[in-house]
Structures are given as structure tokens and as C-alpha cells.
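Letter by letter, the sequence shown follows residues 1 to 860 in full-length UniProt numbering.
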Amino acid sequence: MSALIITVISIVLSACGGSGNDKNHQSSSGASSSSPAATYTLVYSADSGGSISGEASQNVAAGSSGSSVIAKPANNYRFAGWSDGSFKSQRTDGNIQTNTSLTARFKAADIWSTAPYEGNLALEIDSSSSVTVTWRGGQRRTLLISHNVDLSEATTLTDVTSPYQLQDLVSDQPLYVATREDDVITAWSSTTPRKIVANYPINSIQIGADDTRYLGGYFTMFGALQKSTALLPLPGSAQTAPLAFPETDDYVTTAQSDGSGGWYLGGLFTRIGDQERIGFAHINARGEITSWAPGKGTVHNIYAYENRVFIVESSHDSWNPTTTLKGYRHGASEPDLNMPLNNSSVEIIRKGDILYIAQDNSQLPLVAYDLSGNRLEWSPPLARGVKALATLDELIFVATGESSNNLRIYNESGELIRIIDYIYGEIKQLQADDQYIYASGYIDVDKDRRKSQIIRIDKQGNHHPFKNSLTVAANDAILVHEQVLYFTAHGAPGDKMFGKGLQAYSLRDDEFIPWESGASEGIHHLTISDKTLLTSGIQRVAGGKYRRALASFNADDQLTDWKVQAIGYVSSLSWFNGTLYAGGKFDIEGALPRSHLAAFDMDGFITDWQPDTHPYNSSLEINIIKTDSSGVYAGGLISASDLYQSQAYLLAIDHSGSALHHTRLHFPEGERSSITDIALINDKIFFTGPFTRVNNKDRFGIAAVDKAGNLLHDHFENLIYKSTTAMANNGNKIYVTGTYSISPSIFLQKFDANTNHSNWSKSWGMDWAVPIAHSISTYADKILIGGHNISMEKGLLVLNEKGEVIDEGNLNGVTALEIKNNQLFAAHSLTIESDFDSFSYNQDLAAYKAFNLKLPLGEQ
């Protein structure tokens with residue numbers, strides 16, 4: 001805001017008679033006179049939005065102090081500092097040596113409408129009930145904490161230092177935080193505390209001596225559990241966690257900026273926040289839901305410009321479903337354009353006063369209309385539907401459904417300029433900047449090497465390769481904005497790009513921008529408004545921290561800084577005598593590279609333990625790892641190109657890293673076998689897996705060898721088991737569990753490890769779902785089984801020594817169990833409890849939960 005400054009300058013020189021210019025003047029008494037005293041002027045003025053309390057213009061003798069003044073904001077304004085950089089609203093200026101003018105600045109009190117975030121303030125979600133606030137430097141600050149954008153009723157925390165953790169917060173409740181230096185708000189941001197989850201399954205969990213929770217799995221990041229949308233700061237911001245944003249009760253399928261820092265949302269939802277909105281909602285720059293609610297069905301696409309909003313909407317009438325393109329003036333309750341469409345797969349772009357509308361699988365796949373809804377004589381002949389549209393200068397790029405010759409260039413008259421014949425595969429998305437078109441999908445310029453990637457094309461249709469390969473989730477959105485390309489990276493579990501999530505790529509530098517967005521796959525729409533990026537679709541994690549295959553949480557269940565550069569996955573962990581052993585199919589890069597097996601000390605550093613797995617290093621997969629005082633025992637399989645030729649493998653290594661023996665077990669030809677679990681009892685190694693014979697001996701799912709690797713012929717020869725998944729022991733009592741191969745049910749069998757005698761066998765299952773047992777453990781006289789759909793959408797059962805169910809935990813998809821003292825730690829895939837995802841088994845997202853074993857699990 002411009003300042004109105006009125007400055008009055010006066011200098012008064014006084015002496016005892018005579019000329020003030022006579023420096024050698026003496027009085028009549030003969031005594032020498034003193035130097036004349038100077039007087040200076042202090043002038044205080046105020047911007048619009050406030051006033052000065054106190055004497056605004058002051059005459060002050062040189063070296064003296066003026067009187068106190070206070071900068072006072074008007075209603076709906078806040079003090080923003082003085083022109084000399086002071087942040088104290090009340091001031092008394094001293095030792096005045098010159099004429100001085102100072103201006104008090106004021107800004108609108110609503111900081112959230114100025115910008116969604118500002119300054120070097122970052123909020124990091126630690127858990128569903130805690131958020132850490134950080135700012136640069138060690139200066140003490142005042143924090144203002146609110147649960148809405150109005151800071152007038154904010155909680156004030158004075159004299160705090162960075163980092164500062166806010167605890168005992170309410171999960172899923174928005175949190176707004178501002179820092180105040182003296183009397184001025186200098187930075188602000190927002191977020192919503194949520195449950196911290198992994199983006200892929202957790203296979204194993206171990207508890208260290210200091211109660212650190214060590215996790216191994218397929219995951220590549222841990223982040224805040226989102227629903228259908230996440231509002232992210234752009235790269236370069238101090239803030240990385242998602243900003244506060246209203247939640248919907250069903251999927252958001254499309255979003256557009258409203259041009260004023262707010263958003264138009266469309267989708268399957270019927271509510272957003274605490275308000276009813278049928279398929280369409282408008283969110284203003286403050287993050288508030290406005291009253292405009294024209295939606296009457298499911299909204300598939302939104303196109304907005306200036307004061308016009310076009311939506312593609314399907315009715316909720318199941319007997320007579322219709323899809324319509326509707327055009328609204330912003331705020332209008334009724335459309336001024338209402339045009340029937342053939343289906344809901346519609347792309348809309350605008351050039352000047354013309355709307356180009358593309359439909360997939362339609363008799364009229366590409367047509368043009370003016371803004372009043374009048375169809376124009378523009379409809380290029382296309383044999384297939386249109387997948388995507390983009391414009392570059394006077395040209396229109398059309399991606400068709402063909403697997404070749406799938407990108408066409410038309411001019412504004414509808415004339416075909418060129419067919420791009422060097423891209424093979426299906427193009428899913430098109431984006432444009434002022435020089436290029438960007439096509440994404442399962443495509444390549446080599447028809448035999450198609451993969452999910454982005455290809456860059458100039459307006460003449462020529463290919464311009466990137467310096468780096470941009471592999472992308474084929475169904476996810478891409479976005480070009482101010483010379484930055486946003487896309488979701490994709491790759492196989494062994495690739496460096498696997499699970500990297502939402503990426504930013506500088507088109508100017510042809511390089512990746514360092515940005516830990518922590519947003520997982522499933523982003524179907526990307527939109528930028530002001531300084532924020534809105535992601536929408538079915539992604540579940542945002543603002544995450546990258547942790548590839550290994551991660552740890554402290555005793556307060558907060559993610560630690562331990563980060564291992566592992567490519568691949570960890571299947572099993574085992575903690576012994578201060579060392580964490582990890583097994584799987586992974587490669588660790590760095591000064592101490594490791595493959596498939598690794599050991600870490602209590603500080604998280606790789607130890608010298610490095611067993612030689614040659615000659616199976618490239619094809620070895622470790623499924624399970626167990627330890628005792630004699631060594632480390634790992635079981636798995638040696639992969640083959642033919643899955644049914646893969647063979648189980650048992651490896652014994654001492655704690656120095658020397659191999660005790662490698663045991664390659666022999667199984668019937670054509671039977672794909674592996675080792676799924678190991679139990680170490682006395683001098684025997686018991687192992688389970690989906691096998692029927694071992695070394696030409698009948699062994700149905702369970703067998704034993706001595707510690708020299710010799711098969712024990714007197715164990716399990718006459719026992720008929722099934723596909724055995726997991727095993728646990730309590731002294732000499734062994735419990736095995738798995739799935740019947742001929743019917744969808746779980747079995748549990750108990751036997752004595754010394755006598756080879758089976759005490760009892762139990763089984764149970766569901767008529768409506770296939771139950772799966774993943775893990776088993778024991779505690780006192782109880783047996784705990786973890787899995788999926790073991791009992792009526794429950795995946796955690798507690799049984800007594802008779803095999804009777806005595807308790808159930810409220811989890812499903814349990815993948816690993818670990819017990820320490822009186823606590824049970826259960827890793828599990830997520831069942832998202834929401835209106836639109838109730839009881840669905842999400843095999844990707846994962847978390848862990850701690851239970852007190854002295855209390856009923858069902859009550860926790």
C-alpha cells in the first residue's frame with residue numbers, strides 16, 4: 001500500500017546575544033559562551049489501515065529522546081512494522097542526531113487471503129496428534145495457533161524456540177500457525193495432522209533395545225494419510241507438508257483454479273467439510289467453502305476462465321442417466337449453456353471464443369462450439385474417440401485411441417496438418433507450453449520398447465528427447481506451469497524411480513528439481529492456483545518423507561531421520577544383541593554396498609557383516625531371517641526365469657559374516673517352492689513353505705534340518721499339512737498356520753517339537769472372502785494370528801492354548817507381528833474408514849499399531 005508521509009523539518013539555532021555565526025563571540029562579562037544547542041524533528045506517520053497514538057510530530061534536542069508513540073491498526077487491519085524495519089508497535093526513539101521520518105505500515109488482518117503461506121515457516125506432521133513447527137535461526141518467537149483462518153481467537157505461545165512441537169492435537173482438524181516477531185506477524189502456514197502411513201506394504205517389524213520401531217517392506221515413503229485431495233506448496237518453499245484443505249466424502253475427479261487463489265472442485269462427492277455439495281464445490285483463497293452450489297450430479301470435468309465455468313455433469317438418475325455440458329457465470333444458480341453429451345469422458349479446451357470438445361468412443365469425437373453453445377462447422381473425421389487435447393499457437397493437437405498414428409495436428413479451420421507416426425502406444429495426457437506439446441502414456445518412439453513415459457514434441461511434430469528419462473504413472477496427470485513439468489514418477493520395485501511420487505522437472509534446465517513432495521501415485525488431476533498445487537484423485541499419501549525399504553520410528557511413534565539408500569524391498573528383519581539384520585531383494589548403495597542381506601548397529605550404520613551369497617547373488621530372494629547366539633539363518637528362494645523352477649534356499653551365517661553352510665533344498669520338478677518362515681529350537685531349524693516333498697521325502701508345508709543343514713528324517717514324515725505360511729514357537733510348542741489349498745479357509749496346528757506329536761488342529765474361513773494368514777506369534781499362553789479376513793473383516797485373532805478364539809483386534813490386512821514385553825506391534829495394510837472407501841482392503845498403504853497385551857485388543 002502507498003504511504004502518505006507528511007514531514008516537517010525545522011532547525012533552531014540559539015545563542016546568548018550576537019550573531020549565531022560568530023563562533024568566537026564572548027559575552028560582555030568576558031566569560032566564553034557555550035556552543036548553540038541543535039533541535040531536530042521527529043515525524044511519525046501511518047499507512048492507510050491505521051493511525052499514530054501519541055505526538056506525531058516532535059521537536060527533540062540533539063542527543064535526547066522523543067516521547068512514546070504507538071502504531072494502532074484500524075478494524076480488520078494488523079500492524080506490519082515500521083519503515084526502518086522495527087517490529088515493535090510502541091516505540092520511544094532516543095539519541096536523536098538528525099531529522100527523522102518514520103512510517104507505520106498496516107495490512108489486512110486476514111493473512112490467509114494474502115497468501116496461503118508466507119515466510120520461512122514450516123509445519124511437519126509427526127502423527128495424527130502432533131505437528132512440529134520450525135523456522136530459520138535460533139530467535140525466540142511468539143506462535144499464534146488456531147483451528148481456522150481467523151487468528152482473533154488464536155492461542156498464543158510466547159518466547160518459544162525452533163523447532164517447537166505442538167502435541168495433543170485433534171486428528172483431521174485443520175491447524176493454522178503464525179509466527180510473530182515483537183508485534184508483527186512475519187510468517188504463517190497451515191496443515192492438518194493425520195495418521196502417518198507407508199505408501200506400500202510393511203513386511204516386517206522389530207523393536208530395538210531403546211524401543212525404536214524398525215520397519216522393512218516395499219515402501220518408499222511415509223507421509224500423512226490423505227483422502228482425495230492434497231494442497232501442496234510449490235517447490236522452493238520451506239513448507240513441505242500439505243496445507244489445510246476441506247475434505248470430501250468421495251473422490252474428487254477434477255479441479256480448476258478460480259483465478260483468485262481459490263478452487264473449483266468436481267467429483268463423486270456429496271459433502272465437503274460440514275456442508276452438502278452435490279458433485280461441485282467452490283473453495284475461496286482462504287480455504288473456505290463458498291455458498292455457490294450449482295452441482296446436481298457427478299462432475300467429471302471442469303473448465304474455467306475469467307468469469308465463466310463449464311462443467312461436464314452426469315445425472316444421478318439410475319433409470320435415465322444423462323451427461324451434459326453446462327456453462328455458468330460464476331455465482332449463477334442456473335446455467336446459460338446446457339448441451340447434451342454422449343458420454344462423460346470429455347476433454348475441453350478453449351481458443352479465443354471457441355470451445356473444442358473431445359469425447360471418447362463417440363460418433364462425434366471432436367466438435368467445436370461458440371460460447372453460447374452454437375455448434376460450429378468444425379468436426380474433423382476420426383475413426384476412434386479422442387483421449388486428450390492441447391493447443392499450441394494456432395494448432396490443435398489431438399490424441400486418438402489408436403495404438404499408432406495416434407497424434408494428429410489440425411489448424412483452426414479443421415484441416416489436418418500432420419499425423420505423428422513415430423509414437424506407439426496409447427496417449428493418456430497432453431499438456432502444452434509456449435514451445436512444445438508433452439504427451440504421456442504407455443508410449444515410445446520404438447514400438448517394441450513401450451513404457452509409461454513423457455515425450456516432448458514441437459509444433460511441427462518433431463521429437464525433442466529429454467536429457468533424463470521421465471517415466472510416469474500412465475494414468476496419472478501431468479502439468480506444465482512456468483517452465484516446470486509436474487508428473488508422478490513410476491518404475492519397478494528395483495528401479496531408482498520406483499515410488500518416488502510426484503516430481504518437478506525444470507524444462508529450462510532439463511533437470512529434476514530437488515523437491516520432496518511425498519505425494520504418492522493415483523493423482524488424476526493437477527492444478528496450480530496462486531502458490532499452491534492441488535492434487536486430486538485416489539492418491540493416499542502426501543507431504544511424505546522418502547524411506548526406501550527401511551525406516552524407523554522412535555518410542556513416541558515419530559519417524560526418525562534414519563535413511564538407507566536401498567533399491568528394492570526388505571522382506572524380513574531380526575534384532576539380536578544390538579544388531580539389526582535385514583533380508584530381502586535389495587541393493588544398498590554407498591561406501592558400504594550390500595545386496596539381499598545387511599546388518600546395522602544401534603546408530604543405524606551398516607556394519608562390516610557381509611556374507612557371501614555367490615553364486616546366487618543376482619537371483620537370490622530372502623523371505624525370512626532369524627537369529628540366535630549361533631548365527632543368522634535366512635530362507636528364501638533362488639529365482640528362475642520359469643517360476644516353477646525356482647528353488648527354496650536356506651543360508652546359515654555366523655555373526656562375523658562367515659557362511660556356515662548353504663543348503664539348496666530339492667523339491668519336486670515343476671513345484672515352485674520357497675521358505676516362508678523359520679523357527680530356531682535348540683539345535684534344530686524348522687522351516688515352512690508351499691512344498692510337498694523335500695529332498696525326496698514327504699514334507700507337507702513344514703520340515704526341519706539340523707544346524708549342519710541335514711534333513712531330519714524323523715520329523716513330519718507322516719504329518720499332512722497344507723500351504724504353510726508362518727510359524728511360531730513357545731518353548732518346545734510349535735504353532736503353524738496357513739491356507740488350505742482346496743478351500744478358502746485358515747488352519748492352525750499345534751505340535752511338540754521333540755515328540756513330533758500334533759496336539760490339535762483348528763480351521764476356519766469365510767463364505768464371502770478368501771482368508772489369508774500372514775503372521776503368527778505367542779504371548780504367555782496365547783497365540784496371535786495376523787492376516788486378512790480371518791474372521792468377519794478382522795485380521796488379528798487371539799486364541800488360547802486349546803485353539804479357541806478369545807479376542808479380536810480391530811485391524812485387517814495384518815502383515816507382521818512383533819511382541820516386546822507386554823506390547824504387541826502389528827503392521828497392517830489399511831482399511832480406510834470413510835464413506836466412500838469403507839471396508840475396502842487397500843493393499844498398498846500400510847501402517848503399524850501398538851497394543852497393550854494386558855488389555856483386550858478389541859477395546860484398543
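Note that beta-carbon positions come from the ideal geometry of N, C-alpha and C, so glycine has one too.
Option nearest residue i by Cα separation, candidates the options
i           : options                           : result
residue 870 : Trp609, Thr270, Pro690 and Ile624 : For residue 870 there is no data in the structure shown, the boundaries of the chain being 1 and 860.
Ser191      : Ser162, Ile125 and Gly217         : Looking at the sequence itself, residue 191 is Thr, so the reference to Ser does not match. Considering only alpha carbons, the answer is Ile125.
Asp458      : Tyr486, Asp393 and Ser619         : Asp393
Ser673      : Gly636, Ala708, Asn95 and Ile685  : Gly636
Ala555      : Gly261, Ser379, Asp210 and Thr98  : Asp210
Phe691      : Thr254, Ile702 and Asn343         : Ile702
Gly561      : Ala358, Glu118 and Phe605         : Contrary to the premise, residue 561 reads as Asp rather than Gly in this sequence. It is Phe605 whose Cα lies nearest to the Cα of Asp561.
Asn682      : Ile437, Val160, Phe600 and Asn732 : Asn732
residue 866 : Tyr77, Ser372 and Leu364          : No answer is possible for residue 866: the residues shown for the chain start at 1 and end at 860.
Thr688      : Gln58, Leu824 and Leu650          : Leu650
Thr527      : Ser57, Thr229 and Lys849          : Thr229
Ala489      : His481, Glu482, Gln483 and Phe498 : Phe498
Ala728      : Ser777, Lys697, Asp706 and Ala753 : Ser777
Ser379      : Lys227, Glu402, Leu355 and Gly401 : Leu355
Val170      : Ser189, Arg140 and Val131         : Val131
Ala591      : Thr607, Thr579, Gly262 and Gly583 : Thr607
residue 898 : Ser101, Asp781, Gly543 and Ile625 : Because residue 898 is not part of the residues shown, which for the chain are 1 to 860, the question remains open.
Gly352      : Leu371, Gln275 and Ser344         : Leu371
Gly66       : Lys72, Pro73 and Gln58            : Gln58
Thr179      : Gln167, Pro163 and Asp168         : Pro163
Glu313      : Ile349, Gly266 and Ile283         : Gly266
Status (buried if at least 16 other CB within 10 Å, exposed otherwise) for residue i
i      : result
Ile311 : buried
Phe397 : buried
Asp446 : exposed
Val541 : buried
Ile806 : exposed
Leu376 : exposed
Pro388 : The amino acid at residue 388 is misidentified as Pro; the sequence shows Ala. Ala388 should be labelled buried.
Asn789 : buried
His464 : exposed
Asn21  : Its pLDDT being 34, under 50, Asn21 is placed unreliably by the model, and the measurement read from it follows with that caveat. Exposed, by the Cβ-count rule.
Ser127 : buried
Asn475 : buried
Ala31  : Confidence is the limiting factor: at Ala31 the pLDDT is only 37, short of 50, which leaves the residue's position unreliable, though a coordinate-based value still follows. Ala31 is exposed by the Cβ-count criterion.
Met1   : Note on Met1: pLDDT 37, under 50, position unreliable in the model; the coordinate value appears next. The residue is exposed, with fewer than 16 neighbouring Cβ atoms inside 10 Å.
His316 : exposed
Pro73  : buried
Gln860 : exposed
For residue i: DSSP bridge partner residues
i      : result
Gly636 : Ile622 and Tyr649
Phe825 : Glu818 and Ala850
Gln206 : Tyr214
Val736 : Met727 and Gln749
Val564 : Val564 pairs with nothing; no bridge assigned.
Gly327 : Phe310 and Leu337
Lys782 : Tyr779
Any non-hydrogen atom of the ligand SAH closer than 6 Å to residue i Cβ
i      : result
Ile289 : The ligand SAH is not among the ligands present in this structure, which contains no ligands whatsoever.
Whole-angstrom C-beta distance between residue j and residue i, which should lie under 8 Å
i      : j      : result
Pro174 : Ser129 : With 8 Å as the limit, Pro174 and Ser129 do not qualify as a contact, their Cβ atoms being about 14 Å apart.
Asp110 : Val149 : 7 Å
His330 : Asn301 : In fact, because the Cβ distance is near 17 Å, the residues do not count as touching under 8 Å.
Phe222 : Lys545 : 6 Å
Leu857 : Val798 : 6 Å
Glu347 : Val386 : 7 Å
Ser552 : Tyr44  : Rounded, the Cβ-Cβ distance is 56 Å, inconsistent with contact.
Glu760 : Gly787 : Reading off the sequence shown, one finds Trp at residue 760, where the question assumed Glu. About 20 Å; that fails the 8 Å criterion.
Gln429 : Gly441 : 7 Å
Ala708 : Phe686 : No, Ala708 and Phe686 are not in contact; Cβ-Cβ is about 15 Å, not under 8 Å.
Arg78  : Ile207 : Wrong, their Cβ atoms sit about 49 Å apart, outside the cutoff.
Gly217 : Ile202 : 4 Å
Tyr410 : Ile419 : With 8 Å as the limit, Tyr410 and Ile419 do not qualify as a contact, their Cβ atoms being about 10 Å apart.
Gly287 : Trp112 : 7 Å
Exercise for the section: Jot down the residue ranges of each uninterrupted beta strand (DSSP E) in the stretch 374-411, minimum 3 residues, whole runs only, in chain order. Expected result: Here the runs fully enclosed are 386-392, 395-400 and 407-411.
Practice task
Give, in chain order, every unbroken run of the beta strand (DSSP E) that is at least 3 residues long and sits entirely within the stretch 99-153.
Solution key: Listed in chain order, the complete beta strand (DSSP E) runs (minimum 3 residues) inside the stretch 99-153 are 100-108, 121-127, 130-135 and 141-146.
Exercise for the section: Return the chain-ordered ranges of every beta strand (DSSP E) run that is complete within the stretch 155-183 and spans a minimum of 3 residues. Expected result: Counting only runs of 3 or more, we get 155-160, 164-166 and 175-181.
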